[in-house]
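For the sequence shown, the positions run 0 to 421 when numbering that gives the first Met the number 0 is used. Just so you know, even glycine gets a beta-carbon here, dropped at the ideal spot from N, CA and C. Quick caveat, the model's predicted, so the values are computed rather than measured. To start, the structure under review is shown below, and the notes come after it.
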Amino acid sequence: MEDLLWVQGGRPLEGEVWLPAAKNSVLPLLAATLLCSGPVILHGVPVLSDVQQSILLLQALGCKVSRQNEDLAIVPPTQPPCGTLPAGPVRAMRSSVFYLAPVLHAAGRVSMPMPGGCDLGPRPIDIHLDGLVKMGVRVAWQQGVLCLECPPRGLQGADITLRLPSVGATETLLMAAVRAHGSTVLRGAACEPEIGDLADFLRGCGAHISGAGSPVVWIQGADRLSGTEHTPIPDRIVAATVAAAVAGTGGQVTLNRCRSEALGPVLEVLRNAGCEICPHEGGLCIARSGPLQGVGRVYTGIYPAFATDAAPVVAAGLLTARGASAFEDTILENRFSCADGFLAMGAQVRRSGRALEILGAGRLRGAEVKAQDLRGGAALVVAALAAEGESRIGGLCHIRRGYADIAALFCALGGSLGIAHG
Numbered sequence: 000m001e002d003l004l005w006v007q008g009g010r011p012l013e014g015e016v017w018l019p020a021a022k023n024s025v026l027p028l029l030a031a032t033l034l035c036s037g038p039v040i041l042h043g044v045p046v047l048s049d050v051q052q053s054i055l056l057l058q059a060l061g062c063k064v065s066r067q068n069e070d071l072a073i074v075p076p077t078q079p080p081c082g083t084l085p086a087g088p089v090r091a092m093r094s095s096v097f098y099l100a101p102v103l104h105a106a107g108r109v110s111m112p113m114p115g116g117c118d119l120g121p122r123p124i125d126i127h128l129d130g131l132v133k134m135g136v137r138v139a140w141q142q143g144v145l146c147l148e149c150p151p152r153g154l155q156g157a158d159i160t161l162r163l164p165s166v167g168a169t170e171t172l173l174m175a176a177v178r179a180h181g182s183t184v185l186r187g188a189a190c191e192p193e194i195g196d197l198a199d200f201l202r203g204c205g206a207h208i209s210g211a212g213s214p215v216v217w218i219q220g221a222d223r224l225s226g227t228e229h230t231p232i233p234d235r236i237v238a239a240t241v242a243a244a245v246a247g248t249g250g251q252v253t254l255n256r257c258r259s260e261a262l263g264p265v266l267e268v269l270r271n272a273g274c275e276i277c278p279h280e281g282g283l284c285i286a287r288s289g290p291l292q293g294v295g296r297v298y299t300g301i302y303p304a305f306a307t308d309a310a311p312v313v314a315a316g317l318l319t320a321r322g323a324s325a326f327e328d329t330i331l332e333n334r335f336s337c338a339d340g341f342l343a344m345g346a347q348v349r350r351s352g353r354a355l356e357i358l359g360a361g362r363l364r365g366a367e368v369k370a371q372d373l374r375g376g377a378a379l380v381v382a383a384l385a386a387e388g389e390s391r392i393g394g395l396c397h398i399r400r401g402y403a404d405i406a407a408l409f410c411a412l413g414g415s416l417g418i419a420h421g
């Protein structure tokens, strides 16, 4: 039997949170360590299941990885890796796609099954592959296995226009370009903070990059990158999760290390719903004492628009708001798998296509529900914190992909949560 998270709801949250390093930065950073000729230390890396899968991939490729508290030390392989990625970690997370470019540079070839991860609808990797092909890579599918091979003289710089500003493709091609021969221009690149964080790490290793975080990025390839020490940016989605929980339960919480500029649309929605948000030294403070109000229709979109990962958790925080709200995801088809769990808790919601409609103030009650994906699972926790009585949440394997210990996170703020072992 699987573990269950039990949540005794109805308690306002009070206290402060130190945000962990961003999962969406740490995973590409771990892959990028394969580009380096010397040791790398990443500071403040949370203990996530996706991080553990990444460590397994690095070890399978010959890296030595050690953890000292929250710091990870990665020593690159002394011999070129074989280029075949083990199916287990690859199928466990979509982020295994980040290993394509680094392994191509290290081994000259790479083969892997289709990456796994949450079932959020189609998320093809054709943009990644189209860019690599322009750099000279040969691509083939052989019995369900993706096989890539470098040209004899290695990857070549190219002028690449992305048909969509894909975060994953931008990061893949950035990692391909920093060790390619000649210069590369990425046009239509994604602008998320995690892109800038990867570029900062690579520049610390000696890469030549300009424009990262804007739609046009220039890269001059280098023959060799050194090791470095790097502290990843704080996790803006964990920040959104805590902020949404405060909206749902009431109370006051300080988010240390929170970059308000990276959370702009989320904070605007919560402020419109009735939350008070104030700058705090090194972060911000969010509070809610009065009733919540509906916020109308919110659309997710490409950064700096409202982040798709934040949509389920913020929706969960507004389930008891007076008046209607709706969250429509323009990025992913199956973003609101948490809707059935919300209904089981008594929320007045309706799922319509890519949208979750909150029809009015529901009186939430504890229920037994199951997470179907990472952010939907976190949303169920947020809803359970605001509900009357006890909830039991299954599918913790999904939640653990992005939250090191979500029970401890909210217990430190006065919540009542724990793990019931199966």
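- Residue 14 is bridged by DSSP to 252.
- Annotation: the stretch 57-125 contains the following complete segments of the alpha helix (DSSP H) (minimum length 4 residues), in chain order: 86-91 and 99-106.
- Take the alpha-carbon of residue 381 and the one of residue 19: they are about 18 Å apart.
- Every alpha helix (DSSP H) stretch that sits fully inside the stretch 349-392 and reaches 4 residues is listed by chain position as 373-385.
- Sorting 272, 1, 7 and 2 by C-alpha distance to the C-alpha of residue 387 places 7 at the top.
- The shortest CA-to-CA distance from residue 29 to any of 149, 346 and 230 is the one to 230.
- Taking 8 Å as the cut-off, the beta carbon of residue 293 is found closer than this to the beta carbon of residue 321.
- Excluding sequence positions up to five before and after residue 38, its CB lies within less than 8 Å of the CB of 72, 73, 74, 75 and 226, all in the same chain and listed in chain order.
- Judged by beta-carbon spacing, residue 154 lies beyond the 8 Å limit of residue 138, meaning their Cβ atoms are not closer than that value.
- Here residue 27 is buried, its C-beta having at least 16 other C-beta atoms within 10 Å.
- Your pair residue 307 and residue 299 checks out as a contact, with CB atoms roughly 4 Å apart and the cut at 8 Å.
- Shown here for residue 176: same chain residues with a beta carbon closer than 6 Å to its own, the five before and five after excluded, namely 183 and 218 in chain order.
- Within the model, the alpha-carbon separation for residue 240 versus residue 132 is close to 38 Å.
- The three-state secondary structure of residue 259, taken from DSSP, is helix.
- Judged by pairs of C-beta atoms under 8 Å, the stretch 384-401 does not touch the stretch 253-271, as fewer than three such pairs exist.
- If only complete runs of 4 or more residues are kept, the stretch 259-340 shows the alpha helix (DSSP H) at 263-272 and 310-316, in order along the chain.
- In this structure, the beta-carbon distance from residue 378 to residue 297 does not fall below 8 Å.
- About 7 Å separates the beta carbon of residue 215 from that of residue 188, a gap short enough to meet the 8 Å contact definition.
- With distances taken between CA atoms, residue 57 lies nearest to 94 out of 23, 94, 195 and 406.
- Contact check for residue 12 against residue 248 passes: the beta carbons are separated by less than 8 Å.
- Inter-residue distance for residue 315 and residue 124 is about 30 Å (C-alpha atoms, whole angstroms).
- A straight-line Cα-Cα distance of about 12 Å links residue 235 and residue 401.
- Taking the Cα of residue 97 as reference, the smallest distance to any Cα among 196, 173 and 317 is reached at 173.
- Spanning the alpha carbons of residue 66 and residue 295 requires a straight line of approximately 46 Å.
- For residue 33 and residue 179, the gap between their C-alpha atoms comes out near 14 Å.
- In the same chain as residue 228, and ignoring 5 residues on each side of it, the C-beta atoms closer than 6 Å to its own belong to 40, in chain order.
- Here DSSP, grouped into helix, strand and coil, assigns residue 139 to strand.
- Under the 10 Å beta carbon count, residue 47 is surrounded by 16 or more other beta carbons and is classified as buried.
- Inter-residue distance for residue 403 and residue 69 is about 11 Å (C-alpha atoms, whole angstroms).
- Your pair residue 344 and residue 363 checks out as a contact, with CB atoms roughly 5 Å apart and the cut at 8 Å.
- Here residue 418 carries a strand assignment [DSSP, helix/strand/coil].
- Under the DSSP definition of a beta bridge, residue 146 partners with 110 and 139.
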